[in-house]
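Colleague: Note that UniProt numbering has the sequence shown beginning at 1, numbered continuously upward.
For every residue, glycine included, the Cβ atom is placed at its ideal position computed from N, Cα and C.
These figures come from a predicted structure and were not determined experimentally.
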Amino acid sequence: MIRRFHHAQITIPRGQEEEARSFYCGILGLPEISKPVSLAGRGGLWLQVGDQELHIGTEDGVDRYQTKAHLAYEVEDIQEVRRLLSNNGIEMLEAIPIPGFERFEFRDPFGNRVECIQPV
Numbered sequence: 001m002i003r004r005f006h007h008a009q010i011t012i013p014r015g016q017e018e019e020a021r022s023f024y025c026g027i028l029g030l031p032e033i034s035k036p037v038s039l040a041g042r043g044g045l046w047l048q049v050g051d052q053e054l055h056i057g058t059e060d061g062v063d064r065y066q067t068k069a070h071l072a073y074e075v076e077d078i079q080e081v082r083r084l085l086s087n088n089g090i091e092m093l094e095a096i097p098i099p100g101f102e103r104f105e106f107r108d109p110f111g112n113r114v115e116c117i118q119p120v
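Set out below in C-alpha cells:
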C-alpha cells in the first residue's frame with residue numbers, strides 16, 4: 001500500500017520563482033533539483049528536502065494567509081533555525097505545545113504556513 005510521501009507541493013504567485021529561490025535555496029539552504037523537461041514550462045521549482053521533494057508550483061488568486069494547511073520541517077537545531085529566520089525578518093509564531101517536541105511556526109514570504117519541529 002502507501003509507503004511514504006514522495007513529495008509535497010505548495011504554491012506561490014505566478015512569476016515569483018526568483019523570490020522563492022532566494023528564500024528556500026538562499027535562506028533555508030534547500031537545494032533546487034531539475035524538473036522533468038515535460039514540466040519545465042509550467043513555472044515553479046522543485047527542491048530536495050532530505051530524501052523527499054518539495055514542489056513549488058505557481059497559482060494566483062489564493063489567500064495563503066487564511067489556511068491552516070502547512071508543511072512541518074523536522075530540524076536538527078530549532079534555535080539555530082529560529083535565529084536564521086529572525087535575522088532575515090521572518091516573524092515566528094508560537095505553536096501549541098506537543099509533548100516530546102519543541103516547535104514554532106511562521107509564514108513564508110508568500111503566506112504559506114510552515115512549522116519547524118524538533119524532538120526533545
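1) Can you check which of these residues, N87, D77, L84 and I56, is closest to P13 by C-alpha distance?
2) Bridge partners for I96 per DSSP, in chain order?
3) Locate the beta strand (DSSP E) running through L47, then write down its first and last residues.
4) Excluding the 5 residues flanking F104 on each side, which residues of the same chain have their C-beta closer than 8 Å to its C-beta?
5) Output the boundary residues of the alpha helix (DSSP H) element that contains Q79.
6) Taking C-alpha atoms, which residue in F23, D51 and P31 lies nearest to G88?
7) Identify whether A72 lies in helix, strand or coil by the three-state DSSP scheme.
8) Would you tell me roughly how many angstroms separate the C-alpha atoms of G43 and E17, rounded to the nearest one?
9) Roughly how many angstroms lie between the CA atoms of S38 and W46, to the nearest whole one?
10) Can the beta-carbon of A20 be found closer than 8 Å to that of L71?
11) Taking the C-alpha atoms as reference points, what is the distance between E53 and E32?
12) Leaving out the 5 sequence neighbours to the left and right, which residues in its chain are closer than 6 Å to R4 when beta-carbon positions are compared?
13) Within its chain, find whatever has a CB closer than 7 Å to the CB of I90; leave out the 5 residues flanking it on each side and keep chain order.
Modeller: According to the structure shown:
1) Working through the sequence shown from its first residue, we reach residue 13 at position 13. Here the closest residue by C-alpha is I56.
2) Residue 96 sits at position 96 when you count from the first residue of the sequence shown. Bridge partners of I96: none, in fact.
3) To locate residue 47, count along the sequence shown from 1; it is residue 47. Start and end: L45 to V49.
4) As a working mapping, residue 104 is identified with position 104 in the sequence shown. So the qualifying residues of the chain are I78, R82, M92, L93, E94, A95, E115 and C116.
5) Start at 1 with the first residue of the sequence shown, and residue 79 comes out as number 79. Element bounds for Q79: I78 to N87.
6) Residue numbering aside, residue 88 sits at position 88 when the sequence shown is read from its first letter. First, the residue type needs correcting, since residue 88 is Asn and not Gly in the sequence shown. Nearest C-alpha to N88: F23.
7) Translated into positions along the sequence shown, residue 72 becomes position 72. Here A72 carries a strand assignment [DSSP, helix/strand/coil].
8) Within the sequence shown, residue 43 is the residue found at index 43, counting from 1. Within the sequence shown, residue 17 is the residue found at index 17, counting from 1. For G43 and E17, the distance between alpha carbons rounds to 8 Å.
9) By 1-based counting over the sequence shown, the position of residue 38 is 38. By 1-based counting over the sequence shown, the position of residue 46 is 46. So the alpha carbons of these two residues sit roughly 14 Å apart.
10) As a first step, residue 20 is located in the sequence shown; it is residue number 20 there, counting from the start. As a first step, residue 71 is located in the sequence shown; it is residue number 71 there, counting from the start. Not in contact: A20 and L71 (Cβ atoms no closer than 8 Å).
11) Residue 53 sits at position 53 when you count from the first residue of the sequence shown. Residue 32 sits at position 32 when you count from the first residue of the sequence shown. Roughly 9 Å between the two C-alpha positions.
12) Position 4 of the sequence shown holds residue 4. Within the same chain, no Cβ atom closer than 6 Å to the Cβ of R4 is found once the five residues on either side in sequence are excluded.
13) Looking up residue 90 in the sequence shown gives position 90. Excluding residues within five positions, the ones whose Cβ falls inside 7 Å are F106.
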